[in-house]
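Trainee: The structure follows.
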Amino acid sequence: MKKGDHLFLVDGSGFIFRAFHALPPLTRKSDGLPVGAVSGFCNMLWKLLMDARDTNVGVTPTHFAVIFDYSSKTFRKELYPQYKANRSAPPEELIPQFGLIRQATRAFNLPCIEAEGFEADDLIATYARQAEAVGADVTIISSDKDLMQLVTPMVHMYDSMKDKQIGIPEVVERWGVPPEKMIDLQSLTGDSTDNIPGVPGIGPKTAAQLLQEFGDLDTLLARAGEIKQVKRRENIIANTELVRLSRQLVTLKTDVPVDMPLDALVLEKQDGPRLVGFLKTMEFTTLTRRVAEACDCDASAIDPAPVKFEWGAAAHGPDLDSATSADEEASAPPVTGGETGKATTIAATANGDPAPADLAAARAAAFHGRKIDTTAYLTIRDLEALNAWIAAARETGLVAFDTETTSIDPMRAELVGFSLAIADNGQSTGSTDIRAAYVPLAHKTGRDDLFSDGLKLAEGQIPMQAALSALKDLLEDSSILKVAQNLKYDYLMMKRYGIVIQGFDDTMLMSYVLDAGKTTHGMDALSERLLGHTPIAYKEVAGSGKSSVTFDFVDIDKATAYAAEDADVTLRLWMVLKPRLVAEKLTRIYERLERPLVPVLVDMEERGISIDRQILSRLSGELGQKAAAFEDEIYELAGERFNIGSPKQLGDILFGKMGLPGGSKTKTGQWSTSAQVLEDLAAEGAPLPRKIVDWRQLTKLKSTYTDALPGFVHPETKRVHTSYSLASTTTGRLSSSEPNLQNIPVRTAEGRKIRTAFVSTPGHKLLSADYSQIELRVLAHVAEIPQLRQAFADGIDIHAMTASEMFGVPVEGMPSEVRRRAKAINFGIIYGISAFGLANQLGIERSEAGDYIKKYFERFPGIKDYMESTKAFAREHGYVETIFGRRAHYPEIKSSNPSMRAFNERAAINAPIQGSAADVIRRAMIKVEPALAAAGLREKARMLLQVHDELIFEVEDDAVDAAMPVIVRTMEHAAMPAVSMRVPLKVDARAADNWDEAH
DNA sequence: CCCCAACCGTA
DNA sequence: GTACGGTTGGGGG
Numbered sequence: 001m002k003k004g005d006h007l008f009l010v011d012g013s014g015f016i017f018r019a020f021h022a023l024p025p026l027t028r029k030s031d032g033l034p035v036g037a038v039s040g041f042c043n044m045l046w047k048l049l050m051d052a053r054d055t056n057v058g059v060t061p062t063h064f065a066v067i068f069d070y071s072s073k074t075f076r077k078e079l080y081p082q083y084k085a086n087r088s089a090p091p092e093e094l095i096p097q098f099g100l101i102r103q104a105t106r107a108f109n110l111p112c113i114e115a116e117g118f119e120a121d122d123l124i125a126t127y128a129r130q131a132e133a134v135g136a137d138v139t140i141i142s143s144d145k146d147l148m149q150l151v152t153p154m155v156h157m158y159d160s161m162k163d164k165q166i167g168i169p170e171v172v173e174r175w176g177v178p179p180e181k182m183i184d185l186q187s188l189t190g191d192s193t194d195n196i197p198g199v200p201g202i203g204p205k206t207a208a209q210l211l212q213e214f215g216d217l218d219t220l221l222a223r224a225g226e227i228k229q230v231k232r233r234e235n236i237i238a239n240t241e242l243v244r245l246s247r248q249l250v251t252l253k254t255d256v257p258v259d260m261p262l263d264a265l266v267l268e269k270q271d272g273p274r275l276v277g278f279l280k281t282m283e284f285t286t287l288t289r290r291v292a293e294a295c296d297c298d299a300s301a302i303d304p305a306p307v308k309f310e311w312g313a314a315a316h317g318p319d320l321d322s323a324t325s326a327d328e329e330a331s332a333p334p335v336t337g338g339e340t341g342k343a344t345t346i347a348a349t350a351n352g353d354p355a356p357a358d359l360a361a362a363r364a365a366a367f368h369g370r371k372i373d374t375t376a377y378l379t380i381r382d383l384e385a386l387n388a389w390i391a392a393a394r395e396t397g398l399v400a401f402d403t404e405t406t407s408i409d410p411m412r413a414e415l416v417g418f419s420l421a422i423a424d425n426g427q428s429t430g431s432t433d434i435r436a437a438y439v440p441l442a443h444k445t446g447r448d449d450l451f452s453d454g455l456k457l458a459e460g461q462i463p464m465q466a467a468l469s470a471l472k473d474l475l476e477d478s479s480i481l482k483v484a485q486n487l488k489y490d491y492l493m494m495k496r497y498g499i500v501i502q503g504f505d506d507t508m509l510m511s512y513v514l515d516a517g518k519t520t521h522g523m524d525a526l527s528e529r530l531l532g533h534t535p536i537a538y539k540e541v542a543g544s545g546k547s548s549v550t551f552d553f554v555d556i557d558k559a560t561a562y563a564a565e566d567a568d569v570t571l572r573l574w575m576v577l578k579p580r581l582v583a584e585k586l587t588r589i590y591e592r593l594e595r596p597l598v599p600v601l602v603d604m605e606e607r608g609i610s611i612d613r614q615i616l617s618r619l620s621g622e623l624g625q626k627a628a629a630f631e632d633e634i635y636e637l638a639g640e641r642f643n644i645g646s647p648k649q650l651g652d653i654l655f656g657k658m659g660l661p662g663g664s665k666t667k668t669g670q671w672s673t674s675a676q677v678l679e680d681l682a683a684e685g686a687p688l689p690r691k692i693v694d695w696r697q698l699t700k701l702k703s704t705y706t707d708a709l710p711g712f713v714h715p716e717t718k719r720v721h722t723s724y725s726l727a728s729t730t731t732g733r734l735s736s737s738e739p740n741l742q743n744i745p746v747r748t749a750e751g752r753k754i755r756t757a758f759v760s761t762p763g764h765k766l767l768s769a770d771y772s773q774i775e776l777r778v779l780a781h782v783a784e785i786p787q788l789r790q791a792f793a794d795g796i797d798i799h800a801m802t803a804s805e806m807f808g809v810p811v812e813g814m815p816s817e818v819r820r821r822a823k824a825i826n827f828g829i830i831y832g833i834s835a836f837g838l839a840n841q842l843g844i845e846r847s848e849a850g851d852y853i854k855k856y857f858e859r860f861p862g863i864k865d866y867m868e869s870t871k872a873f874a875r876e877h878g879y880v881e882t883i884f885g886r887r888a889h890y891p892e893i894k895s896s897n898p899s900m901r902a903f904n905e906r907a908a909i910n911a912p913i914q915g916s917a918a919d920v921i922r923r924a925m926i927k928v929e930p931a932l933a934a935a936g937l938r939e940k941a942r943m944l945l946q947v948h949d950e951l952i953f954e955v956e957d958d959a960v961d962a963a964m965p966v967i968v969r970t971m972e973h974a975a976m977p978a979v980s981m982r983v984p985l986k987v988d989a990r991a992a993d994n995w996d997e998a999h
């Protein structure tokens, strides 16, 4: 084990205890063997490992062990015979499970450790200190207070059931003393559950107060006579010896002679078949299926593993080797004739399961270029036919679904119809007879003008309510997988019609996980690329421009071809993409970081945010007047009227007529009129450029924000509903549009006024919580920079620290210019620094910027190493990875064009940093609503917006105090347990009546 | 009506 | 130096 490694120590006995009490007491296997605790233990361990163990990325942990108590005969018992004497014997049904749990641990391919005469806690303490000594990080999976004495900057605890990290601040908050004083505190308070004596009448509050006052236990005992409270003083003096004994009992031994050296705890790969075999024997059907899926092995082909156990009652013969009824693996549905025919069969290997990569390749080949006949689709016009299709979907467990509506805005759209596609012979081999159909519901006929009697519903459509009711059974049944392209749209659409889709996949997100950076992920592009097929263009059926109609006016036959084709194509895309996720080991990213975000974003979009139109209207007036005043002055100075907003005309005035010196040029060869150029001219003394810059700021604010935002207020909700895109950035960030609420001004005082128009509804506050310096923290984590890690651990000013390291200037009294330069360099590093860019940013010579960079790399050699290794990785693989394993592709990184290549290198350096931060906040978003609900705040605190490192909530006034710590904690711990960050994440939060004050 | 370039707002 | 989306002007059809 070495510096930078990360050891996870699971308190196995604690796990057993919690598992046993969390589950129904008498969970038994079919032969009567009680296995409730084993089941709970396996589920907890699996949950932890699913996030923590990875096969293809260097995610922590590197080492892992599960630690158990050996027996109740420990050195503490010899020291003090009453120790834990009040503990009753474990329940009878738990006894046979201890051995099984140790076997379970080994089936998980994890070291299972215990030592005679010592408790699990002593072993944990010993390993933790050993690992710490070699510079490794340690995470103890437990919430037991007895272990809190071990917490240091390098050693954390993690409560996997509550998803809560416990570090130094959490210990201080809970107990009022830092971890190193926990022993003193426990010695004073004692522990009734373990029968540790302590001082009567002294609990954690008093103990913390006394330790605060006297510093430590020895001082307190020596000077006990100074305690003012009579009773307390007497109690302590009378019990001094007992306190000393208690201290011996609560102090964990850090020098237990261990059989297994640290290095032997290295985390091995999961042995899928072995674990599946064990789980089958235990008859844990759900977990067996999950593990088989995740490890990509065929559970039906694995025999239950023989299991040893000690069991007193003869009634339960050990028939554990026999096959059980646990096999839930779905067999392939029978082949039925498909309406679109032309099946291509992919041969399976001898055991029926081709290797993932082979299946993916076979699927890709089978579907690419395969003809799609859009004339073969069916129009479903009655309920019986619809129900037959739904029954078929239930049969195969898989259906593609797509809605047709009157608008691309799902908040305003009305449902016009929907389409379904079914693969009749299932998904097992990839041979497919896909059939697809369109269900029109609200197509109209007639014209809505003076000469006709208005609009009528077209003939031959199922009544809306009846169709929705049938559809609800399909869409809300999680055992039927719904496949959609850009599911967020259909999910929100159906939610507005009272249906909450359960059990879904999204081909757009699958493509995004697999190919971010390679292509866009729209259906037309995917179809083109993966199927070699160009779907019917929307404008072919609905027209375009002025002559376009909404979908409810499209002829039903044309609509059928278009809509059913979308479902058909979606299903084919799924067939191609799904096995690729497995083959490329990206299932987890998809399932944990992408798919769960769909309902979260739907909720946020549906809620929207309230804006005060009066504020915006007043601001707009002010901005217009100010801009008009500038226009007069500008025309005066220019000597003529012209379109100030036209860079071309402006350039002619400035660099032609007025003869000012041009700065840089744009790529079309025109003189640039950018803010930078104009600022430079203003510095030379020319009066006009400054006024142009100011005019631009005012008109930008007016046109982009104060004038545009009111147009987005929804007529019914009276709120603004942005749309988030999950799949439009290479790095994993979200984007926001219509309106973009991720670029609302904040930097200038003038711009910030716009934020005051984003308000909470009466009785509520807006709560803004943002990560402090998350990207620099991620950098400190991935590049393992000691000074950065230390600075973040100590909570000091990171830019000042950088400046101090680089320029040798003390932090105290540092000139702001020095700090500003260091800050620019820090940002530059995140952006894949170049001397050219840094020089630009700081307005210094390129050679000087180059010197800065050189110096930085000398001071922080780890950064240079990180950059070089990231570039090398990107060149070799064509992509880079975030700390969670998300990929961003840079196919042009080997370009022969040097500037193109350099650009891709910088982007590749930036992507893991920006992308890891994006992953962290995604995880936070997925976790935060359940966390709020668990705190009894469901519907009292609702997440509205995400702005890359900030989450904005609307919270009922009297719930603000309760919600804030839940939100902050969830965000700060969002990386756990998938990744245990080597630097703490910090979140600042504030609540107010508007966004400006809350931020 | 569509698309691109330039510019500028955010993290 | 990274990542986005929106507005405007202006050219082409």
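Per the UniProt record's numbering, residue 1 is the first one in the first sequence, and the count goes up by one each step. Glycine included, each C-beta is placed from N, C-alpha and C at the ideal position.
DSSP state of residue 1017, grouped into three classes?
Mentor: For the chain, the structure presents residues 1 to 999; residue 1017 sits outside this window and is missing.
Trainee: Checking 8 Å against the spacing of the C-beta atoms, do S511 and L577 come in under that value?
Mentor: It is a contact, given that the beta carbons lie within the stated cut-off.
Trainee: Cutting at 7 Å between CB atoms, please list the residues of its own chain near V38, excluding the five before and the five after it.
Mentor: Same-chain partners within the cutoff: Q97, L100, I101, A104, M282.
Trainee: Just how far apart, CA to CA, sit S13 and I183?
Mentor: The straight-line gap from Cα to Cα measures roughly 21 Å.
Trainee: Residues bridged to C112 by DSSP?
Mentor: BP columns for C112 point to V66.
Trainee: So what does DSSP say about S736, is it helix, strand or coil?
Mentor: Looking at S736 - three-state DSSP - the assignment turns out to be strand.
Trainee: Taking the alpha-carbon of V966 as reference, which of R982, D949, P977, M943 has the nearest alpha-carbon?
Mentor: Checking every option, the nearest Cα to that of V966 belongs to M943.
Trainee: Looking at C-alpha atoms only, which residue of L221, S300, V172, R233 is the closest neighbour of K205?
Mentor: Minimum Cα distance to K205 is reached at V172.
Trainee: Comparing C-alpha positions only, which one of P463, L597, A442 sits nearest to L455?
Mentor: Selected option, being the one with the closest Cα: A442.
Trainee: State yes or no: is the C-beta of T730 within less than 8 Å of the C-beta of A888?
Mentor: Yes, Cβ-Cβ distance for T730 and A888 is below 8 Å.
Trainee: With distances taken from CA atoms, which of G203, G813, F807, E812 is nearest R821?
Mentor: It is F807.
Trainee: Over the uninterrupted alpha helix (DSSP H) stretch that includes R875, give me the two end residues.
Mentor: Where R875 is concerned, the enclosing alpha helix (DSSP H) stretches over 861 to 877.
Trainee: Among residues of its own chain, excluding the 5 on either side of A224, which ones have a beta-carbon nearer than 8 Å to its beta-carbon?
Mentor: Excluding positions up to five away in sequence, the list reads R233, I236, I237, T240.
Trainee: Go to Y771, then tell me how far its beta strand (DSSP E) extends in each direction, as first and last residue.
Mentor: From DSSP, the beta strand (DSSP E) with Y771 extends over 764 to 772.
Trainee: Could you tell me which uninterrupted alpha helix (DSSP H) segments, each at least 4 residues in length, are contained entirely in the segment 216 to 266, listed from first to last along the chain?
Mentor: Within the segment 216 to 266, the complete alpha helix (DSSP H) runs of at least 4 residues are 217 to 222, 230 to 238, 240 to 250.
Trainee: With three or more beta-carbon pairs closer than 8 Å as the criterion, would you say the segment 686 to 704 touches the segment 653 to 672?
Mentor: Short answer: they touch.
Trainee: Mapping DSSP to helix, strand and coil, what is A348?
Mentor: Legend: pLDDT at A348 = 40, less than 50; position of this residue unreliable, no value from coordinates given.
Trainee: Is the Cβ-Cβ distance between L623 and L531 less than 8 Å?
Mentor: Result no, Cβ atoms of L623 and L531 do not sit closer than 8 Å.
Trainee: Per DSSP, what are the beta-bridge partners of T731 in this structure?
Mentor: For T731, which the question treats as bridged, DSSP gives no partner whatsoever.
Trainee: Using only alpha-carbon positions, find the residue among S88, K927, K495, M154 that is nearest to M411.
Mentor: Closest by alpha carbon: K495.
Trainee: What separation, rounded to the nearest whole angstrom, lies between the Cα atoms of F953 and E594?
Mentor: Each residue's Cα considered, the two are about 21 Å apart.
Trainee: Compare the C-alpha of L94 against each of F20, A978, H156 and name the closest.
Mentor: Out of F20, A978, H156, F20 has the C-alpha closest to the C-alpha of L94.
Trainee: Going along the chain, which residues of its own chain have a beta-carbon closer than 6 Å to the beta-carbon of L7, five neighbours each way excluded?
Mentor: If we look at L7 and ignore the five residues flanking it on each side, its Cβ neighbours are H63, A131, A136, V138.
Trainee: Taking just the CA atoms, how far does G167 sit from S563?
Mentor: Sequence check: residue 563 is Ala here, not Ser. Roughly 54 Å between the two C-alpha positions.
Trainee: State buried or exposed for H973, treating a residue as buried only when at least 16 other CB atoms are found within 10 Å of its CB.
Mentor: Buried, by the Cβ-count rule.
Trainee: For the candidate residues D259, I609, V134, G201, whose alpha-carbon lies nearest to that of A65?
Mentor: It is D259 whose Cα lies nearest to the Cα of A65.
Trainee: Got a sec? Which residues, its chain only, sit under 6 Å from L242 by beta carbon, not counting five neighbours each side?
Mentor: Here the set comprises P197.
Trainee: Can you grab the Cα-Cα spacing for the pair G843 / K665, in whole Å?
Mentor: The alpha-carbon atoms of G843 and K665 are separated by roughly 17 Å.
Trainee: Please report the residue range of the alpha helix (DSSP H) in which G837 lies.
Mentor: 835 to 842 is the extent of the alpha helix (DSSP H) around G837.
Trainee: L457: which of T375, D555, I480 sits nearest, CA to CA?
Mentor: Among T375, D555, I480, the Cα nearest to that of L457 is on D555.
Trainee: Buried or exposed for P861, please, with buried defined as at least 16 other CB atoms from any protein chain shown within 10 angstroms of its CB.
Mentor: Exposed is the call here.
Trainee: In its own chain, which residues sit with a C-beta less than 8 Å from the C-beta of E631, not counting the 5 before and 5 after it?
Mentor: Excluding positions up to five away in sequence, the list reads I644, W695.
Trainee: Quick check: the Cα distance between F41 and E116, rounded to an integer number of angstroms?
Mentor: Distance between the alpha carbons of F41 and E116: 23 Å.
Trainee: For the beta strand (DSSP E) containing I166, list its first residue and its last residue.
Mentor: Note, I166: beta strand (DSSP E), 164 to 166.
Trainee: The beta strand (DSSP E) spanning residue 1057 covers which residue range?
Mentor: Residue 1057 falls outside the range modelled here, since the chain spans only 1 to 999, and no answer is possible.
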